[in-house]
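Just below is one structure, and these are the notes that go with it.
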Amino acid sequence: MPEVYTGRFAPSPTGLLHAGSLVAALASWLDARTHGGQWLVRIEDVDTPRCVPGADQAILQQLASCGLTPDSPVLWQSQRAHVYAAALQSLVQQGWAYPCGCSRKEIESAQAVSRHSAAFYPGTCRQGLKGKPARAWRLNVQAVQQALGLNAVTHWSDRRLGPQQQNVSEEVGDFVLRRADGLWAYQLAVVVDDAAQGITHVVRGQDLTDNTARQIVLQAALGLPTPQYLHTPLVLGAHGEKLSKQNGALALDLQTPQAAMSALNAAALVLDLPAVPAQTTPAHALDEWTALGRTPR
Ligand code: GLU
Numbered sequence: 003m004p005e006v007y008t009g010r011f012a013p014s015p016t017g018l019l020h021a022g023s024l025v026a027a028l029a030s031w032l033d034a035r036t037h038g039g040q041w042l043v044r045i046e047d048v049d050t051p052r053c054v055p056g057a058d059q060a061i062l063q064q065l066a067s068c069g070l071t072p073d074s075p076v077l078w079q080s081q082r083a084h085v086y087a088a089a090l091q092s093l094v095q096q097g098w099a100y101p102c103g104c105s106r107k108e109i110e111s112a113q114a115v116s117r118h119s120a121a122f123y124p125g126t127c128r129q130g131l132k133g134k135p136a137r138a139w140r141l142n143v144q145a146v147q148q149a150l151g152l153n154a155v156t157h158w159s160d161r162r163l164g165p166q167q168q169n170v171s172e173e174v175g176d177f178v179l180r181r182a183d184g185l186w187a188y189q190l191a192v193v194v195d196d197a198a199q200g201i202t203h204v205v206r207g208q209d210l211t212d213n214t215a216r217q218i219v220l221q222a223a224l225g226l227p228t229p230q231y232l233h234t235p236l237v238l239g240a241h242g243e244k245l246s247k248q249n250g251a252l253a254l255d256l257q258t259p260q261a262a263m264s265a266l267n268a269a270a271l272v273l274d275l276p277a278v279p280a281q282t283t284p285a286h287a288l289d290e291w292t293a294l295g296r297t298p299r
């Protein structure tokens, strides 16, 4: 049976949708429709301290105001701890995940010595905890790559940005699967759920591009398929800064069809799609953009 295109939008409910997140939502929806596929929504609420109560429902409402309704029931990551635990357990059994006892301070001083960027973990606990209590769980990237005969450099092709590559072990190191505070890491949850939802095509913001190689390694470790990736252009603030909930990007007001239409038109502009007249309904605008049959660019 030919593979059914399945795409998704996976917002973290740390606030309402802003101009940047609507671009990813619209692009993923249009790409799914253009391919005659289905479009799912997943609420990525694993990082509970950063989640805002009620933001999940408000985001779904915002999407609905724009005519973006999912084709299957919404999935909440907060309800899937058992699935993530099983995935971690299978990695531990293979000897591919290990507990890490390093404090933030210890990791920072190791980074200073190795002159690596702040994101890098030098594998201090790979050979054992040396009496320290276990805190986080990490993926032994080299062990996975060696056992599966994978290249140390992960190559992949972004549908918009073209060929990409990253040496995960040298540039990132053994990344976290379960955090020291017991919360599931984004990388593990996203990989497990993209596979569980049968996602064939990931369309998301360009700020996430750098996570893709890690996710590809983790997919291989868990025996899961790798989807196609497309990272959408970012919406920059007035001073060229990345828009994010953290730096106060304005939540979109989508209460009226006109407001939804102007937000959709702004998102369409970023995707190089023509504006539709302001009095058009969101549903009609989506039909017009779908009819153009274009890959987001
Ligand atoms: N939940 C992530 C975010 O809101 C997106 C994850 C993804 O699309 O892979 O930034």
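So the sequence shown is numbered by this note's numbering: it starts at 3 and just counts up by one.
Backbone N, C-alpha and C fix where the C-beta goes; we use that ideal spot for every residue, glycine too.
Could you tell me whether any non-hydrogen atom of ligand 1 is closer than 6 angstroms to the CB of residue i?
i: A197; result: no
i: A149; result: no
i: A12; result: yes
i: V6; result: no
i: V192; result: yes
i: R206; result: yes
i: E173; result: no
i: E46; result: yes
The alpha helix (DSSP H) that contains residue i, what's its start and end?
i: H316; result: Only positions 3 to 299 of the chain appear in the structure, and residue 316 is not among them; the question remains open.
i: A21; result: A21 to T36
i: P259; result: P259 to V272
i: Q148; result: V143 to L150
i: Q318; result: Absent from the structure is residue 318, since the part of the chain shown begins at 3 and ends at 299.
i: V170; result: V170 to E173
Kindly indicate the opening and closing residues of the beta strand (DSSP E) around residue i.
i: S159; result: V155 to D160
i: P227; result: No beta strand (DSSP E) contains P227, which DSSP labels as neither H nor E.
i: I61; result: No beta strand (DSSP E) holds I61; the alpha helix (DSSP H) holding it covers A57 to S67.
i: L294; result: Careful: L294 lies outside any beta strand (DSSP E), inside the alpha helix (DSSP H) at P284 to L294.
i: Y7; result: Unbroken run through Y7: none, as it is neither H nor E.
i: V205; result: H203 to G207
i: V178; result: V178 to R180
i: R44; result: Q40 to I45
i: A1; result: With the chain covering only 3 through 299, there is no way to say anything about residue 1.
Residue i CB to nearest chain C CB: under 7 angstroms?
i: A136; result: Within the model displayed, chain C is absent; a lone protein chain is all it includes.
Do the region 86 to 95 and the region 206 to 215 touch if we need at least three Cβ pairs shorter than 8 angstroms? Short answer: they don't touch.
Do the region 175 to 191 and the region 236 to 243 make contact, defined as three or more Cβ pairs closer than 8 angstroms? Judged by Cβ distances under 8 angstroms, the region 175 to 191 makes no contact with the region 236 to 243, as fewer than three pairs qualify.
Taking three-plus beta-carbon pairs below 8 angstroms as touching, is the region 250 to 268 in contact with the region 55 to 68? Contact holds: three or more Cβ-Cβ distances are below 8 angstroms.
Inter-stretch contact (C-beta, 8 angstroms, three-pair minimum) for the region 27 to 46 and the region 187 to 202: Because the criterion of three Cβ pairs below 8 angstroms is met, the region 27 to 46 and the region 187 to 202 touch.
Count the CB pairs spanning the region 131 to 138 and the region 101 to 115 that are closer than 8 angstroms, and state whether there are at least three. Flag = yes, the region 131 to 138 and the region 101 to 115 touch.
On the three-pair Cβ rule with 8 angstroms, is the region 268 to 279 touching the region 21 to 32? Yes: the two stretches touch, three or more of their Cβ pairs being nearer than 8 angstroms.
Determine, using beta-carbon pairs with one atom in the region 134 to 154 and one in the region 169 to 181, whether at least three such pairs fall under 8 angstroms. Yes, the region 134 to 154 is in contact with the region 169 to 181.
Is the region 48 to 56 close to the region 289 to 297, with three or more CB pairs under 8 angstroms? With the cut-off at 8 angstroms, the region 48 to 56 and the region 289 to 297 do not touch.
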